[in-house]
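*Asks:* Sharing a structure below in structure tokens format, with a few things to ask.
Protein chains: 8
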Amino acid sequence: MNKHAIQQLLTKVKNNELSVEAALNELKDLPFKDLGFAKVDNHRDLRNGFPEVIYCAGKTASEVEAIMTEMLKQDNNILATRASKELYQQVKKIAPTAVYYERARLIMIEKEVIAKTKSKLLVVSGGTSDLAVAEEAALTASALGIKVERLYDVGVAGIHRLLGNLDYLNEANVIITVAGMEGALASVVAGLVDKPVIAVPTSVGYGSNFGGLAALLTMLNSCASGIGVVNIDNGFGAAYLASTIILQLEKARKEG
Amino acid sequence: MNKHAIQQLLTKVKNNELSVEAALNELKDLPFKDLGFAKVDNHRDLRNGFPEVIYCAGKTASEVEAIMTEMLKQDNNILATRASKELYQQVKKIAPTAVYYERARLIMIEKEVIAKTKSKLLVVSGGTSDLAVAEEAALTASALGIKVERLYDVGVAGIHRLLGNLDYLNEANVIITVAGMEGALASVVAGLVDKPVIAVPTSVGYGSNFGGLAALLTMLNSCASGIGVVNIDNGFGAAYLASTIILQLEKARKEG
Amino acid sequence: MNKHAIQQLLTKVKNNELSVEAALNELKDLPFKDLGFAKVDNHRDLRNGFPEVIYCAGKTASEVEAIMTEMLKQDNNILATRASKELYQQVKKIAPTAVYYERARLIMIEKEVIAKTKSKLLVVSGGTSDLAVAEEAALTASALGIKVERLYDVGVAGIHRLLGNLDYLNEANVIITVAGMEGALASVVAGLVDKPVIAVPTSVGYGSNFGGLAALLTMLNSCASGIGVVNIDNGFGAAYLASTIILQLEKARKEG
Amino acid sequence: MNKHAIQQLLTKVKNNELSVEAALNELKDLPFKDLGFAKVDNHRDLRNGFPEVIYCAGKTASEVEAIMTEMLKQDNNILATRASKELYQQVKKIAPTAVYYERARLIMIEKEVIAKTKSKLLVVSGGTSDLAVAEEAALTASALGIKVERLYDVGVAGIHRLLGNLDYLNEANVIITVAGMEGALASVVAGLVDKPVIAVPTSVGYGSNFGGLAALLTMLNSCASGIGVVNIDNGFGAAYLASTIILQLEKARKEG
Amino acid sequence: MNKHAIQQLLTKVKNNELSVEAALNELKDLPFKDLGFAKVDNHRDLRNGFPEVIYCAGKTASEVEAIMTEMLKQDNNILATRASKELYQQVKKIAPTAVYYERARLIMIEKEVIAKTKSKLLVVSGGTSDLAVAEEAALTASALGIKVERLYDVGVAGIHRLLGNLDYLNEANVIITVAGMEGALASVVAGLVDKPVIAVPTSVGYGSNFGGLAALLTMLNSCASGIGVVNIDNGFGAAYLASTIILQLEKARKEG
Amino acid sequence: MNKHAIQQLLTKVKNNELSVEAALNELKDLPFKDLGFAKVDNHRDLRNGFPEVIYCAGKTASEVEAIMTEMLKQDNNILATRASKELYQQVKKIAPTAVYYERARLIMIEKEVIAKTKSKLLVVSGGTSDLAVAEEAALTASALGIKVERLYDVGVAGIHRLLGNLDYLNEANVIITVAGMEGALASVVAGLVDKPVIAVPTSVGYGSNFGGLAALLTMLNSCASGIGVVNIDNGFGAAYLASTIILQLEKARKEG
Amino acid sequence: MNKHAIQQLLTKVKNNELSVEAALNELKDLPFKDLGFAKVDNHRDLRNGFPEVIYCAGKTASEVEAIMTEMLKQDNNILATRASKELYQQVKKIAPTAVYYERARLIMIEKEVIAKTKSKLLVVSGGTSDLAVAEEAALTASALGIKVERLYDVGVAGIHRLLGNLDYLNEANVIITVAGMEGALASVVAGLVDKPVIAVPTSVGYGSNFGGLAALLTMLNSCASGIGVVNIDNGFGAAYLASTIILQLEKARKEG
Amino acid sequence: MNKHAIQQLLTKVKNNELSVEAALNELKDLPFKDLGFAKVDNHRDLRNGFPEVIYCAGKTASEVEAIMTEMLKQDNNILATRASKELYQQVKKIAPTAVYYERARLIMIEKEVIAKTKSKLLVVSGGTSDLAVAEEAALTASALGIKVERLYDVGVAGIHRLLGNLDYLNEANVIITVAGMEGALASVVAGLVDKPVIAVPTSVGYGSNFGGLAALLTMLNSCASGIGVVNIDNGFGAAYLASTIILQLEKARKEG
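Each protein sequence line maps, in turn, to chains A, B, C, D, E, F, G and H. Quick note: the first sequence uses UniProt numbering, first residue 1, plus one each step. Quick note: the second sequence uses UniProt numbering, first residue 1, plus one each step. Quick note: the third sequence uses UniProt numbering, first residue 1, plus one each step. Quick note: the fourth sequence uses UniProt numbering, first residue 1, plus one each step. Quick note: the fifth sequence uses UniProt numbering, first residue 1, plus one each step. Quick note: the sixth sequence uses UniProt numbering, first residue 1, plus one each step. Quick note: the seventh sequence uses UniProt numbering, first residue 1, plus one each step. Quick note: the eighth sequence uses UniProt numbering, first residue 1, plus one each step.
Written out as structure tokens, the structure reads:
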């Protein structure tokens with residue numbers, strides 16, 4: 001329809017309904033404003049129910065409310081990340097169907113059910129302390145329409161727990177590993193499979209962990225190849241990256 | 001064939017050719033040694049010509065030679081990364097068909113031509129100083145059988161160069177962005193597309209660049225989602241991660 | 001009038017109203033105390049209404065109050081930065097006309113209206129979370145008598161928002177870019193214009209953002225030239241630097 | 001003339017010499033490629049002789065040569081930064097008039113004399129060890145057409161040297177301070193004047209200097225306002241930032 | 001008994017009660033799940049009363065309660081580390097015999113008395129501020145069945161206090177040194193003895209202590225050999241490492 | 001008197017009142033315990049009223065109370081550093097004459113008036129935000145019997161304030177400079193005098209100040225010689241170091 | 001024999017062969033000089049052949065030669081660490097039986113054969129690039145009389161290699177793990193055993209490895225307990241720590 | 001004589017030999033240039049032979065030569081620090097009496113013998129690798145006229161070496177401790193004495209030593225009070241600081 005707008009303009013010029021100068025003027029800045037080239041959204045093309053996302057950290061409650069009010073006018077699902085329980089109480093007033101996932105600090109407002117993908121995402125986590133981030137990843141992915149499996153509490157301190165669940169690894173198309181402390185889980189998982197592994201370091205730990213730096217460096221320096229790292233505690237980002245891969249997979253399934 | 005080995009063993013037990021005790025003994029440690037469960041190699045299943053890889057940094061020339069001599073007995077292609085020109089001279093004596101890519105510091109020995117994938121990888125880089133890493137990524141991906149396009153010298157200091165080449169971005173399935181200095185390229189690219197972006201910070205820069213730390217932090221903290229980061233200067237790792245995604249795509253194409 | 005003081009002293013010596021020894025004594029330490037050479041204030045020379053500034057962080061409420069009481073005896077405008085709402089409540093008792101800008105944490109007391117400059121400052125910011133710092137810059141600049149425009153929420157994750165507003169960039173004489181997360185906005189803006197760009201990294205972000213370090217390094221290492229960086233979250237400092245440039249511009253306009 | 005191209009295209013549509021579809025096609029990607037909006041170059045508009053710049057670090061000699069050969073076809077002056085003496089020897093073969101400044105590691109090829117600005121830049125430096133960076137700044141600024149003064153070896157260890165030269169500070173429009181070790185010079189200078197101060201930390205020092213980090217942090221945290229900081233050892237960047245300010249000044253002089 | 005399971009399976013094959021295919025299937029993943037090879041627990045083999053451990057940091061009270069409820073069904077002792085007083089109140093409801101050590105933040109539930117080892121562990125600490133970590137180490141070791149001595153408040157600022165207690169050092173088999181500030185105690189102790197010294201840096205200090213980094217680096221760089229370092233404030237880890245050594249000693253005593 | 005103890009012991013041996021073996025036994029560990037060689041306290045030798053010191057940070061109120069109760073049995077003055085107001089309330093109950101200095105967080109209990117030294121210490125500070133640390137230094141020094149002068153709010157942003165008070169610098173024997181932000185004050189002061197300058201970086205600042213790191217590095221890398229640096233915010237340590245110097249001076253005055 | 005010296009002295013006093021004063025004088029400083037309390041060397045007590053060690057880094061060749069010449073006068077074995085090949089050439093002139101281990105950079109001079117311990121040390125390493133450090137550890141331990149096994153090239157990228165060699169882990173008394181890159185090997189090994197694990201991070205890696213920092217932090221933050229960490233590349237220190245443990249084991253074997 | 005200059009000027013005004021305007025003009029900038037207030041040099045007042053100092057690092061040989069040639073015109077002694085052997089060869093041509101201290105990298109040219117102070121400086125160092133820095137300190141102090149004692153190789157790994165030499169500590173007025181690795185020596189020394197201790201961390205070490213950072217942090221965080229720290233490897237700075245203290249002592253001796 002942007003193309004359409006230019007077409008109309010050109011037709012008007014052709015029909016002498018618009019002078020060359022006037023057309024020139026309209027064209028000058030138009031491409032950036034209206035062509036909408038940025039983020040050609042494959043997701044939305046492919047899938048209904050793909051949500052709008054609000055990152056709540058650093059925004060006041062009234063700012064979040066204002067943004068959400070605007071979004072609620074449309075029919076999109078809404079996903080609010082890094083949301084406190086207090087914020088949820090306030091959101092519920094304007095969106096009574098909103099659901100809150102406390103550990104993952106997510107608010108979800110589902111207006112339209114999103115069909116799940118055929119491709120599968122596995123979220124693997126080390127210890128129970130990593131649960132908040134792992135759930136942020138799993139629930140976000142689910143909200144993005146991804147089929148999600150969970151394999152939790154399989155840290156390398158007891159590697160038999162991971163090895164006893166190789167089927168999970170084998171059946172996934174994409175794997176997210178969530179781990180704090182030293183974050184060695186990502187290396188071990190990537191050493192066992194040959195598929196994309198997204199690594200999320202968490203800030204779980206203390207002392208020389210330096211707020212997740214230890215796990216971050218571990219994942220960036222892994223001796224096992226095939227790992228893409230996201231920011232510390234960035235469960236959302238991992239899920240989003242997974243969704244870009246999986247939606248390519250869904251497209252590939254259709255195209256052959 | 002490992003399965004086969006266990007099958008034979010069980011058959012022997014069944015046929016009383018082997019005592020239960022003796023079988024038990026053989027079985028005890030076997031799974032780890034021989035089942036070969038680790039790295040169920042989708043790549044090799046899918047594609048002939050998938051190379052063996054040697055990381056040359058920190059190995060002496062004679063160590064590399066010894067490993068390569070062993071590999072040459074088989075029919076696999078061979079890819080040696082971080083290889084100096086001197087090393088190449090020595091390798092050439094035992095592998096006369098070896099080719100050297102100086103800027104990318106790669107040695108390739110191709111025994112079997114690998115068919116290129118249908119899915120496409122785009123390698124985007126900022127400045128000409130990032131060329132070495134960008135080429136490591138592009139050539140590695142190519143050696144792994146990936147169809148590769150290059151879009152170089154499109155740093156954000158002159159953003160029209162990137163915007164004038166949106167077609168490249170739109171046609172790729174996976175994008176690798178290679179950038180030093182402040183590494184902002186990854187954010188801009190990920191803001192323009194909705195597909196997996198693999199970001200490689202390079203050590204190009206000086207002063208408060210701290211050997212690539214600036215670009216690394218930029219990429220990890222990108223305000224644009226959908227970015228998986230690898231280690232500084234790790235062109236190989238980016239290509240390998242891309243290959244895990246693209247081979248999932250190829251499988252998806254087949255499976256539908 | 002300092003010159004005048006020395007002149008008087010010399011005249012007294014000449015007229016034998018003061019002995020050489022006594023004059024010598026007075027002169028010895030005088031230059032540093034009284035010549036007032038430091039900060040020859042072009043600002044005040046050029047513009048009435050230029051405010052006195054109090055940096056409130058690390059000062060107790062009673063200390064701020066004491067300083068302000070002193071300042072209120074003169075006719076200058078007063079600008080208090082990093083001021084909490086509680087502090088404002090207290091200030092209001094001694095300065096009932098004081099106005100508080102909550103997001104920017106600024107208190108302003110305007111006794112004299114300051115005429116705006118002909119030159120224009122543009123404050124550009126990435127996300128809504130950067131608002132506090134952007135407003136500290138914009139409001140400070142305004143209090144310093146600068147004509148200010150704002151272009152907010154144009155982060156590089158959706159670069160069309162920035163590109164659709166090139167007019168703003170083209171019409172400014174000086175640009176302040178305020179950005180957290182990875183801070184790539186500064187590079188993109190400086191790549192689009194050829195005028196002084198002042199970059200303010202913000203502490204917005206988490207994990208490997210390390211309290212604004214990521215954005216700071218990005219801005220220092222920008223591949224685009226023409227950027228001067230100030231401290232993390234230092235909206236005031238950016239505005240002040242902008243004012244030194246713009247007041248040079250105003251002088252140049254007058255001088256020709 | 002880009003405007004002209006669109007005008008021609010529209011006229012052709014109007015005259016039915018081009019179909020709407022064909023025009024649409026040409027227009028689609030055109031703005032980014034051809035409108036040349038990026039870096040509307042005030043410098044070139046204002047001043048002949050403004051040079052093309054090559055950053056030589058991380059480029060091979062043959063790459064620099066190739067770029068320069070291309071540039072030499074046009075009539076622009078050329079400035080090559082971070083150039084080794086060896087590189088200069090090679091450059092001289094294709095550009096016999098090239099001049100080399102060893103301490104500043106700059107190659108200059110002047111085809112057209114650039115008239116100096118009315119506004120004045122002062123380059124102040126701490127110790128003789130900072131000379132290389134100070135000269136990179138001064139010579140670059142000069143090559144960009146700026147009138148440059150130098151005030152060297154006035155480090156704060158002997159503050160009378162700086163105080164004895166206040167006239168230099170008072171007569172400049174923009175000041176660049178270059179200092180290594182602890183970099184306190186920038187604070188002292190900015191405390192004495194009320195004009196834009198560009199601070200360049202140098203890597204001069206040892207131990208806990210950490211390659212210039214000490215001076216960088218000093219300059220970013222200055223208790224004196226009005227300082228814009230550039231990367232460690234970035235004499236070029238400081239000069240370029242100064243030139244964006246000074247060319248605004250020159251424009252202001254003309255416009256009034 | 002895992003061995004037993006495989007034996008039964010093989011016997012069934014032998015007796016034709018199970019087909020080779022079915023046996024093969026069962027065997028495939030079995031080793032990792034059931035052989036229980038990981039952590040062949042010498043401790044439990046050697047000593048009754050060896051406790052189960054819960055690391056409480058980052059777990060919600062209800063999560064700790066759930067884990068503990070499960071553990072209480074068995075007869076093992078239980079040790080909960082990094083436990084707040086609030087948590088203890090809650091634990092006491094389900095385990096009335098639980099004891100709380102406030103400074104060490106430990107909860108202990110002793111169901112079975114553990115006999116103390118013949119080998120001796122000495123816990124040495126610098127200042128009274130290090131007490132919390134020192135006690136975490138001493139009490140943990142004690143709960144693990146180790147004979148523990150304490151030598152506190154012998155920091156190097158008054159080295160005669162340490163030198164006056166050499167007997168303690170001489171009689172221990174393993175020494176844990178706990179120290180904050182600059183952590184020099186570990187070096188001095190290791191210089192006085194020729195036995196394993198486990199060094200625990202604490203986060204006691206301020207400023208350039210950087211949360212224990214100073215003591216950590218001191219201990220890693222000690223000019224005295226024979227020091228193994230654990231994470232900052234990791235009293236538990238030090239005690240656990242000591243227990244692995246001491247239980248080897250107990251075994252050696254038995255074996256001769 | 002320790003000498004005396006050994007003398008007695010030897011005399012007993014001589015007089016056959018004690019066997020050689022028994023004497024040997026007593027001597028073995030004696031030197032470390034009783035010779036009291038450590039910290040031969042010149043201070044106490046020289047000056048009555050020299051206080052005992054308690055560092056309160058990281059100690060519980062009851063621990064401080066216990067230590068103080070013990071000290072109160074003797075006639076020494078007592079100085080408690082890093083003491084909160086709450087702690088003071090509690091201390092007052094057992095030591096009603098205790099005085100609290102809120103900004104400096106010091107509790108002092110003076111039982112005996114300490115005569116002031118002839119040598120003079122000057123405490124110089126940058127901004128009013130550094131007051132807490134400057135006062136910790138000044139009051140501590142005073143409690144240690146040092147004659148103290150203060151020169152506050154003379155930061156380098158307005159260097160005339162420092163230069164207008166050169167007399168203070170000239171009359172002191174030792175100077176403590178306290179400064180946050182970029183900490184340049186130490187360099188400027190040390191550049192003006194030729195006497196020992198003790199530099200205390202403070203944690204005053206934000207962003208890339210990194211909790212005082214900026215000022216710390218500035219002071220360690222000063223281009224002016226003659227500076228000894230103590231830990232960030234360590235006003236006490238600076239005063240103590242000053243007292244070691246000044247008490248040497250007092251001794252030198254006596255000895256000639 | 002020190003005891004003996006005091007005994008003689010006391011006897012002389014008793015026999016009036018020495019005055020009390022003279023004895024007192026001799027005793028005063030004696031304990032520190034002569035009691036030889038420091039490093040009561042269990043090693044030498046237990047085992048002949050225990051070597052003297054020279055750390056060659058930072059010493060000139062002539063300094064090493066001087067130290068060695070002195071040592072050669074006694075009958076001890078000598079071990080020189082961090083020795084270059086050039087140094088070895090020089091050493092060989094004065095010690096013709098000296099042997100050089102190039103990869104481990106060790107020189108050994110064995111004058112007396114040292115009997116191996118009953119307890120066993122296992123040195124496990126990740127990749128072939130870690131060989132230098134692993135061999136420094138293994139050869140040092142061997143020189144210290146320890147029975148050493150090696151298990152190399154079992155990095156976690158192919159975890160089946162480690163799992164296939166569990167026997168090695170099970171049979172050792174102490175384990176040294178040597179790993180660079182992300183250093184996850186230590187965690188996996190410590191998760192598999194219940195015996196002391198000494199972890200040596202190596203500087204093998206690049207980019208965000210930061211010279212071994214990544215592996216160091218991994219090892220300090222391991223989610224598996226029972227790990228003592230030594231400095232980056234400190235193979236010697238790991239072996240020495242192992243020897244302190246193993247010699248305690250040997251003593252325990254004797255004592256029962 | 002500066003006072004004198006002003007006196008003359010005033011007298012001329014008085015005698016009408018100079019107009020008030022002319023005098024005013026001369027006075028305006030004079031104080032900073034000529035009063036010579038900076039660095040009122042107690043040293044030179046007190047002692048003949050006090051040398052001029054050249055810091056050679058970062059200066060070219062011809063720059064050093066130029067500076068020295070200028071200095072040689074006067075009768076001062078000259079001390080050149082961080083001087084390479086090559087530089088010395090060149091210096092010797094213009095100053096044949098120059099002496100070179102290779103380990104300390106110092107060139108000394110003594111024109112006048114400087115009498116040694118009564119006060120004594122002790123330089124204590126840890127290992128032989130710290131010799132270069134220790135000697136830079138000791139020789140510099142000696143060149144500054146200080147009486148210097150040395151106590152080398154008394155690192156804390158064998159603390160009896162230090163304790164056996166307490167007399168050295170007791171007899172000094174000021175102590176410089178030079179130590180690399182973990183730098184614990186400073187803490188132990190400051191714990192033993194009650195006099196000013198100047199601590200010099202050295203860059204001796206590897207791995208997590210981070211070029212001297214470990215020792216630096218140790219010294220800044222010492223639990224023993226009375227330590228002033230200088231930059232890593234800054235032997236010169238330590239000696240200079242010591243000289244400022246000792247010259248105060250000499251003055252105190254005279255004044256009484």
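Heads up, the beta-carbon is just placed ideally off N, CA and C, and yes, glycines get one too. Small disclaimer: the values here were computed from a predicted structure and weren't measured.
#1: Report the three-state DSSP secondary structure of F:Val-188 (helix, strand or coil).
#2: Distance, Cα to Cα, B:Met-68 vs D:Lys-93?
#3: Would DSSP call H:Thr-81 helix, strand or coil?
#4: I need the DSSP call for C:Tyr-240, collapsed to helix, strand or coil.
#5: Can you list the residues of chain A that D:Leu-10 reaches, using a CB-CB cut of under 7 Å?
#6: For a test of the three-state rule: what should DSSP assign to A:Ala-98, helix, strand or coil?
#7: Indicate whether G:Val-197 and G:Ile-232 have their beta-carbon atoms separated by less than 9 Å.
#8: What separation, rounded to the nearest whole angstrom, lies between the Cα atoms of D:Asn-209 and D:Val-178?
#9: Out of F:Ala-238, F:Lys-59, F:Glu-63, F:Met-71, which one is the CA nearest neighbour of F:Glu-52?
#10: Please determine if the stretch 106 to 117 of chain C and the stretch 81 to 88 of chain C are in contact, where contact requires at least 3 C-beta pairs separated by less than 8 Å.
*Replies:* Quick look at the numbers:
#1: Helix at F:Val-188.
#2: 44 Å
#3: strand
#4: helix
#5: Val-13, Val-20, Ala-23, Leu-24
#6: coil
#7: no
#8: Distance between D:Asn-209 and D:Val-178, taken at the CA atoms: about 15 Å.
#9: Of F:Ala-238, F:Lys-59, F:Glu-63, F:Met-71, the residue nearest in Cα terms is F:Met-71.
#10: yes
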